[in-house]
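In this note's numbering, the protein residues as written are 55 to 357. In what follows, a structure is listed as structure tokens, so that the remarks can point back to it.
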Amino acid sequence: MRVLVTGGCGFIGSHIVDGLVAAGHEVFIVDNLSTGNLANLNPKAKLYELDVRDEKLGEIFAEVKPKVVYHEAAQIDIAKSIADVGFDASVNVLGTVNVLSCCRDHGVGKIIYASSAAVYGDPQYLPVDEKHQIAPLSFYGVSKYSPELYIKAFSHLYGLKYTILRYANVYGIRQDPKGEGGVVSIFVDCLLKGNTPKIFGDGEQTRDFVYVKDIAAANLLALTKGDNQIINVSTNKRTTVNELLNVMSEGKVEGEHLPARNADILHSALDNSKAAEFLGFAPKYTLADGLKETVEYYRNKNK
């Protein structure tokens, strides 16, 4: 099958590309390399270096003629979304609209969209299922949810199939510790450099950490399953930040505790029962296994 992946040189997108290539699909990538990395490029995939907002995107769709599109390209830095809300909306909302318009104009059968747990805001109950109220606390959350509405409207008006995947806290190899990064990659960077990891608050806040290869596996299942569904992708397990550092450092390092950040959600976990029902998905990586692979990857990379 001919498949196009936006953001296919990025952290999550490159893993999806690897899985698609391994499954024998013909894969094409659109990535402007603003946060993506050429080192992540699968040699069997063809790269078009272009921003998803560019009007020339339609020419690529006309040439590639993809049957399915994975839309992973996004502005993912929450701090940047607050500092420059216009840019955040431009990339995440208008960029998605441009992708959807190309899907409509060039006969794409299905789009698989990377959404986020950020759309839920502060959980009213745990674990959070897909029926939970939508109440994002950041512009990033707003800009990840708005495309969901556009996707549904395009589906209604033009028959475009979709699967919307709302990711929990994704970590793993190829994640950039710079910028927003994610606490796992930031901790790995600190540990390998011999620095003391910083923990905001008492460290007892919990997150649902899901390994990137499990995220990629769910995306591959969505290629032929989960049509017109919104689905959480997670482990449905809560891990404290203190526990995370303890596992990563094998109990040898204690973090430096800083004042808690007011905007931080205390506890988060996503119900993944719908992923099991509609995709046949179950996470294969334990936190310990995923962290071990991640740490080894960065240790070897830095040699």
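Note that CB positions come from ideal geometry on N, CA and C, so glycine has one too.
| Item | Value |
| --- | --- |
| Starting from the C-beta of H321, find all residues in its chain whose C-beta is less than 7 Å away, skip the five residues before and the five after it, and write them out in chain order. | P177, L180, Q259, T260, R292 |
| Say whether the segment 120-137 touches the segment 157-168, bearing in mind that this needs 3 or more beta-carbon pairs closer than 8 Å, one atom from each stretch. | yes |
| Whether or not the segment 101-117 and the segment 305-325 are in contact is what I'm after, with contact meaning three or more pairs of Cβ atoms, one per stretch, closer than 8 Å; do they touch? | no |
| Helix, strand or coil: which one does DSSP assign to R353? | helix |
| According to the Cβ coordinates, are I114 and V81 closer than 9 Å? | no |
| Under the DSSP definition of a beta bridge, which residues are partnered with Y221? | S170, V287 |
| Can you look up Y102 in the DSSP assignment and give me helix, strand or coil? | strand |
| Quick one: Cα of G67 to Cα of T60, how far? | 7 Å |
| Between the Cα of I284 and those of A207, S169, I253, L345, spot the shortest distance and give me the residue it belongs to. | S169 |
| What three-state label does DSSP hand F335 in the structure shown? | coil |
| V266 to V224, Cα distance in whole Å? | 6 Å |
| How is L111 classed by DSSP in three states: helix, strand or coil? | helix |
| According to DSSP, is V123 helix, strand or coil? | strand |
| With a threshold of 16 other CB atoms inside 10 Å of the CB of N96, please say whether the residue is buried or exposed. | buried |
| Pull up the distance between the alpha-carbon of K198 and that of N356, whole angstroms please. | 33 Å |
| Whole angstroms are fine: how far does the CA of S303 sit from the CA of S144? | 40 Å |
| Please confirm if R353 has its CB atom under 9 Å from at least one CB of chain C. | Considering every chain present, this structure includes no chain C. It has just one protein chain. |
| Where does the unbroken alpha helix (DSSP H) through E202 begin, and where does it stop? | 193-212 |
| Tell me whether the beta-carbon of G226 lies closer than 9 Å to the beta-carbon of T348. | yes |
| Going by other Cβ atoms of all chains shown within 10 Å of its Cβ, with 16 needed for buried, is P313 buried or exposed? | exposed |
| For V182, which of helix, strand or coil comes out of DSSP? | strand |
| Going straight from the alpha carbon of F193 to that of T150, what length do you get? | 16 Å |
| If we ignore side chains and look at the alpha-carbon of each, how far apart do N273 and A77 end up? | 13 Å |
| Apply the 10 Å Cβ neighbour rule to G334 and answer buried if 16 or more other Cβ atoms are within range, or exposed otherwise. | exposed |
| So V118 and R56 are in contact, right, with Cβ under 8 Å, and what is the actual spacing, rounded? | 6 Å |
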